[in-house]
Structures are given as structure tokens and as C-alpha cells.
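Here the structure is laid out as C-alpha cells; the discussion comes afterwards.
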Amino acid sequence: MEHSFLDRYSHLGSVIHNLDARTKILCFLGLIGLTVLTPPQYWPIFLAHFALMALVLILSRVPVGYVLTRSLIILPFVLLTAVFLPFLPGDRPAGGTSLGIGNVTLTASGLQVFWNILLKGFIGVFAIILLSATTPFPRILEALRKFKVPAIFTLLLGFIYRYLFVLLDEVLRLKQAIESRGYRGRWIWQAKSLGRMLGQLFLRTYERGERVYLGMLSRGFQGETRTLTPSRLRPGDYLFLILFLSVTALSQILFR
Amino acid sequence: MTAIEIRHLSFSYPDGHQALKGLNLAVEGGECLGLVGPNGAGKSTLLLHLNGLIPSPNGAVRILGEGINKQSLPGVRQKVGLVFQNPDDQLFCPTLFEDVAFGPLNNQVLAEEVPGRVAQALKKVGLEGFEQRSPHHMSVGEKRKASLATILSMDPEIIVLDEPSSNLDPRSRKELIRLLASFPQTRIVATHDLEMVLQLCDRVALMDQGAVVALGLPEEVLSDEGLLKSHGLELPEILRLVPPEKRLELVSRLKNFF
Numbered sequence: 025m026e027h028s029f030l031d032r033y034s035h036l037g038s039v040i041h042n043l044d045a046r047t048k049i050l051c052f053l054g055l056i057g058l059t060v061l062t063p064p065q066y067w068p069i070f071l072a073h074f075a076l077m078a079l080v081l082i083l084s085r086v087p088v089g090y091v092l093t094r095s096l097i098i099l100p101f102v103l104l105t106a107v108f109l110p111f112l113p114g115d116r117p118a119g120g121t122s123l124g125i126g127n128v129t130l131t132a133s134g135l136q137v138f139w140n141i142l143l144k145g146f147i148g149v150f151a152i153i154l155l156s157a158t159t160p161f162p163r164i165l166e167a168l169r170k171f172k173v174p175a176i177f178t179l180l181l182g183f184i185y186r187y188l189f190v191l192l193d194e195v196l197r198l199k200q201a202i203e204s205r206g207y208r209g210r211w212i213w214q215a216k217s218l219g220r221m222l223g224q225l226f227l228r229t230y231e232r233g234e235r236v237y238l239g240m241l242s243r244g245f246q247g248e249t250r251t252l253t254p255s256r257l258r259p260g261d262y263l264f265l266i267l268f269l270s271v272t273a274l275s276q277i278l279f280r
Numbered sequence: 494m495t496a497i498e499i500r501h502l503s504f505s506y507p508d509g510h511q512a513l514k515g516l517n518l519a520v521e522g523g524e525c526l527g528l529v530g531p532n533g534a535g536k537s538t539l540l541l542h543l544n545g546l547i548p549s550p551n552g553a554v555r556i557l558g559e560g561i562n563k564q565s566l567p568g569v570r571q572k573v574g575l576v577f578q579n580p581d582d583q584l585f586c587p588t589l590f591e592d593v594a595f596g597p598l599n600n601q602v603l604a605e606e607v608p609g610r611v612a613q614a615l616k617k618v619g620l621e622g623f624e625q626r627s628p629h630h631m632s633v634g635e636k637r638k639a640s641l642a643t644i645l646s647m648d649p650e651i652i653v654l655d656e657p658s659s660n661l662d663p664r665s666r667k668e669l670i671r672l673l674a675s676f677p678q679t680r681i682v683a684t685h686d687l688e689m690v691l692q693l694c695d696r697v698a699l700m701d702q703g704a705v706v707a708l709g710l711p712e713e714v715l716s717d718e719g720l721l722k723s724h725g726l727e728l729p730e731i732l733r734l735v736p737p738e739k740r741l742e743l744v745s746r747l748k749n750f751f
């Protein structure tokens, strides 16, 4: 059972890994924000932002292919939502062809919007993947707590991270159990078993939740989460923060 | 001193099933008490009463002389550490450090003292340096020890364990028994592992149908084949190997094994 695919390279010891999670969250969110605010025609800015992240990626020693292939998961979503945009009526046609039944026209503005969504989506996901590949998830949660994100969210995220694998194992066991009794899931009426399996999974998850809650109560939980905050921002963090954000901002000024 | 005193404790689940029927039990301070009995005897239900997860009628359960009520509840939960059967229920934080620190932080331990407590608790169970590990990166044996650490960090006076040796391979099981034997605290161990009771426990309580039906030395209670059979248990295989008059000697040798 694959048990660490979520944050596989997050325990390497590079310069980037050693930064505080807060620094990285601020930098990458800043970069995403500025990217989103950049008008689509200023493509050198996108290039500069991407180059900056590529530099961070190289410094982090995380395999480039890993981050790139992970970032591609955004493509199907972008394509699904944006694929028709270039064909919508717009200001000036960029090209077209006759299909015999009617004319298909591409518009320049539509193409620009499409390109815009694709690029910004990719850069955003790239930044997030880079964050998760260089920061162990518990550190990200700790950073969120320090950013005063409400405890209910950080607690929930923590539980998801903790129990995702437990749940996956449970699904796997259920699947093995029904398959070992000859289930192949080929016919529509076999979907009933799938429904039962989902029901089982829900019940097991629910009961686990109850037991975990009892476990929390027995260790004195009274509805309020208390955590320690061991990590500190070091000079390197400030340096990185200033460098990263000023390069990002500078590219905005230079290329406009 | 009596660590736990239970008088006429009865409890029915909302579906009407009566799990405990007028149970009486006294546990001495510092002793290790085995709790055995068939499935459905009420062992787990009893354990949930011991730190107030199931509220008990006034005075029916007394912990170190004190009844469990709303005022005493936080103190009782600090004094009685409950280790659940499934470590995946006990360990719910992203890292082991957070899990072991969870109890002390809830019990008003000063924040500066917590890392020391965590390190100490992990050292006691032999998991030094595991602070930043995630439970899903640990073996079952390690998870079991980690579960123990999560309550040791609260500095409890009574440790209550539900099936501590289940699902463990022989070596991890032996390590765990050694570990439990080394603790000075009062321990209550609910289990089907009768060999472990013979090695580990000072006394054993046999439960059936919501009540304690026999209480005594493990070598006496667990070598009484008639008694065990009538309550859905079997004589431990190892005691079968010797004639009845030699069983006491065998058990005392078992205890010296580790």
C-alpha cells in the first residue's frame, strides 16, 4: 500500500525545505495573487514568475518531472471549462473554417481568455505542488494555525490528512472482500453491491469518528484545541521572503 | 490504598441491552489487574466507565477515593489513562509529537514543560526520535507503544488498557508485556490473552454477563478449568502441559521469564 504519495519529497533537507512553512505560504500565495492580477497580454511577466518558481524548484532538489507531471492535473479541468471560449462570438475573428454545415470562427479575445485561464491555472497549481513537495503537511497546518485560520478548519484538515490512508486501506479491504467472492462489477445490477460497499464505508467512518472522539475526551479534550508552536522565523526566512516577493513585484513593474 | 472502587454498577445501552449488572470491584493501588471474560461480558463497557466516558450514577465508581462528577471529571481523566484497542483511534494527529502533547496541553501543563514530557513519554516506550513521524508510517507494534506514550505524557496514576496484545507479532507482544510489567502505576488490562495475564497480572477478575464472577490470583482463577468453561473461556494451553498440582510452579516460572 502506497502510504506517502501526498507529501513524498517533503522531507528532503534543501534550503527551500528548511524555510518556515509560513514563509513559503506567503511567497507562493503572493505569487499566485500577482499572477492572477496580471493582464493576459503581459506574457513576459508570466515567464518571469515561472522562471522564479523553476529556480526554487531546482534549489529544492525535488525531481522536476514530479512537480511538472503533478501540475498537469489541472489541464482536464481547464480544458473542460474553457475549451469552448475561443468559439464564442467576440470582437475580431482570429481565423475560421467551413465545415460544410456551418462556419466555425475563432475569436482573438476568446483565444486570449483561454490562454489566460490555462496559464494562470498552471502557474497556480505549480506553486501549490511546489509548496506541498517542500513542506511536510503538519508544518503547513501549523503555519495555518499561526495565520489564525479558525481551529475548526485546521483540525478538519489534520483529520483528513491523518485518516485518508486509514480510509483508503478500508476501501481496499472492502474491495478485496467483495472481489474474493467473485464480484467483478460488470453489469448494471451489480451496482447494488457498490452501494452497499459505500454504505459500509460510511458506517465504518462514522463509528471511527465516534471512537476517535472518545479517545480525545479521555485525554481531557473540552472542545478547545491547544497546540504548541515550536518553529520560529529565522533571518533566512525574512531574506527569502523579501527576495522572492521583490523579484515577483519587480517583474510586474519591468514588463508592464 | 484503593485505586478504584466500584459498587453496584449497572448500565444499559440505549437499545436496552444491559451490559453491566450490579458490578462490584476494588483495585488496589500499584497492582496490575487482569480483566478476562467472553465477548460481550461487559469488559469494554466497564473500561469506558473508569474515566467517565460513560457517566456512572453518583458514587458507583470512585477513583482514588473520589466520585466521578462534573467537577472531578477533568482530574479523573488526567489520573486515569485509557488506551484503546485500535491505535488508529488513539492516534489522531498528523504527527506523533502532537498526539503525545495532546493530553498534557488539555490538562493545563505549562507549554514550556510539554516538549520535555513528550520526550520523556516517548523514551519510556522506546520511541525516542519518533516525534515527527506520522502514525501511518509506523508499524502496528510501534503504534501500540505510541498509544501508550500518549497517556504516559499525562502522568496518570492508573493505566487502563483494552486488548493491548491484540494484532501484535510475538516479539512486539513480548516487548509490550515487558513494558507494562515495568510500569509502577496501577494497571487494568482487559484481554483474551490469558498467557499474558499469567505473566503480567497480580490478580485477575473474571467477568461474565455484566458482573465479576471470580476474583483472585491468576494462577488460581486461570487454572480452574470448570470455572473457565462455565464462563466461555478455555484453560490456557500452557497450563494443560503439566498436571494440576504443578501449575502454580509453572506460573511462577513464567513470571520469571522476562
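Going down the list, the sequences are from chains A and B. Position one of the first sequence corresponds to residue 25 (the working numbering), numbered consecutively onward. Position one of the second sequence corresponds to residue 494 (the working numbering), numbered consecutively onward. All C-beta atoms in this analysis are idealised placements derived from N, C-alpha and C, irrespective of residue type, glycine included. Note that the structure is a prediction, hence the values are computed from the model and not measured.
For residue i, list the residues DSSP reports as bridge partners.
i	result
Arg-696 (chain B)	B:Leu-526
Asp-701 (chain B)	B:Ala-704
Glu-498 (chain B)	B:Ala-519 and B:Arg-555
Ser-665 (chain B)	Paired residues: none, contrary to the question.
Phe-504 (chain B)	B:Leu-513
Ile-651 (chain B)	B:Val-573 and B:Thr-679
Val-86 (chain A)	Partner(s): none; Val-86 (chain A) has no beta bridge.
Gly-709 (chain B)	B:Val-697
Glu-609 (chain B)	According to the sequence provided, residue 609 (chain B) is Gly. The question's Glu does not apply to it. In DSSP, Gly-609 (chain B) forms no bridge with anything.
Gly-37 (chain A)	Answer is none; Gly-37 (chain A) lacks a bridge partner.
Gly-560 (chain B)	B:Arg-555
How should residue i be labelled, buried or exposed, when 16 other C-beta atoms within 10 angstroms of its C-beta is the threshold for buried?
i	result
Ile-266 (chain A)	exposed
Phe-171 (chain A)	exposed
Ala-639 (chain B)	buried
Val-128 (chain A)	exposed
His-27 (chain A)	With a pLDDT of only 49 at His-27 (chain A), under 50, the local geometry of the prediction cannot be trusted, and no value is derived from it.
Thr-178 (chain A)	buried
Gly-509 (chain B)	exposed
His-630 (chain B)	exposed
Tyr-506 (chain B)	exposed
Met-25 (chain A)	The pLDDT assigned to Met-25 (chain A) is 42, lower than 50, so where the model puts this residue is not dependable; a value taken from the coordinates is nonetheless given after this. So Met-25 (chain A) ends up on the exposed side.
Glu-738 (chain B)	exposed
Glu-203 (chain A)	exposed
Nearest to residue i by alpha carbon, out of the options?
i	options	result
Leu-654 (chain B)	A:Gly-239, A:Val-60 and A:Leu-53	A:Gly-239
Leu-720 (chain B)	B:Met-700, B:Ser-503 and B:Leu-734	B:Met-700
Gly-574 (chain B)	B:Glu-742, B:Val-682, B:Leu-661 and B:Pro-507	B:Val-682
Leu-81 (chain A)	A:Pro-63, A:Ile-212, A:Ile-56 and A:Tyr-33	A:Tyr-33
Phe-676 (chain B)	B:Leu-691, B:Cys-525, B:Pro-548 and B:Leu-687	B:Cys-525
Thr-711 (chain B)	B:Gly-527, B:Gly-523 and B:His-630	According to the sequence provided, residue 711 (chain B) is Pro. The question's Thr does not apply to it. Residue B:Gly-527 is the option with its Cα nearest to Pro-711 (chain B).
Phe-189 (chain A)	B:Pro-628, B:Glu-668, B:Ile-670 and B:Arg-680	B:Pro-628
Met-494 (chain B)	B:Leu-728, B:Ile-651 and B:Asn-749	B:Ile-651
Asn-749 (chain B)	B:Ala-674, B:Lys-722 and B:Ala-553	B:Ala-674
Val-137 (chain A)	A:Pro-162, A:Gly-247, A:Leu-269 and A:Phe-108	A:Phe-108
Phe-146 (chain A)	A:Pro-100, A:Thr-158, A:Pro-162 and A:Phe-183	A:Pro-100
Thr-59 (chain A)	A:Leu-142, A:Cys-51 and A:Phe-70	A:Phe-70
Glu-742 (chain B)	B:Arg-671, B:Gly-609, B:Ala-698 and B:Gln-692	B:Gln-692
Arg-169 (chain A)	A:Pro-63, A:Pro-259 and A:Arg-250	A:Arg-250
Determine the contact status of residue i and residue j, defining contact as a CB-CB distance below 7 Å.
i	j	result
Met-647 (chain B)	Asn-600 (chain B)	yes
Ile-40 (chain A)	Ser-95 (chain A)	no
Leu-589 (chain B)	Arg-637 (chain B)	no
His-73 (chain A)	Leu-61 (chain A)	no
Thr-47 (chain A)	Asp-193 (chain A)	no
Ile-49 (chain A)	Ala-151 (chain A)	no
Tyr-185 (chain A)	Pro-587 (chain B)	yes
Leu-112 (chain A)	Gly-89 (chain A)	no
Phe-585 (chain B)	Arg-243 (chain A)	no
Tyr-66 (chain A)	Phe-279 (chain A)	yes
Leu-142 (chain A)	Val-102 (chain A)	yes
Val-706 (chain B)	Val-697 (chain B)	no
Could you tell me whether any Cβ in chain E is nearer than 7 Å to the Cβ of residue i?
i	result
Gly-596 (chain B)	The chain labelled as chain E is not found among the protein chains of the depicted structure, namely A and B.
Quick one: measure Cβ to Cβ for residue i and residue j, integer angstroms, because I've assumed they're closer than 8 Å.
i	j	result
Leu-181 (chain A)	Leu-165 (chain A)	6 Å
Ala-496 (chain B)	Val-520 (chain B)	5 Å
Ala-642 (chain B)	Val-593 (chain B)	5 Å
Asp-31 (chain A)	Ser-156 (chain A)	6 Å
Gln-571 (chain B)	Phe-577 (chain B)	Rounded, the Cβ-Cβ distance is 17 Å, inconsistent with contact.
Gln-702 (chain B)	Lys-514 (chain B)	7 Å
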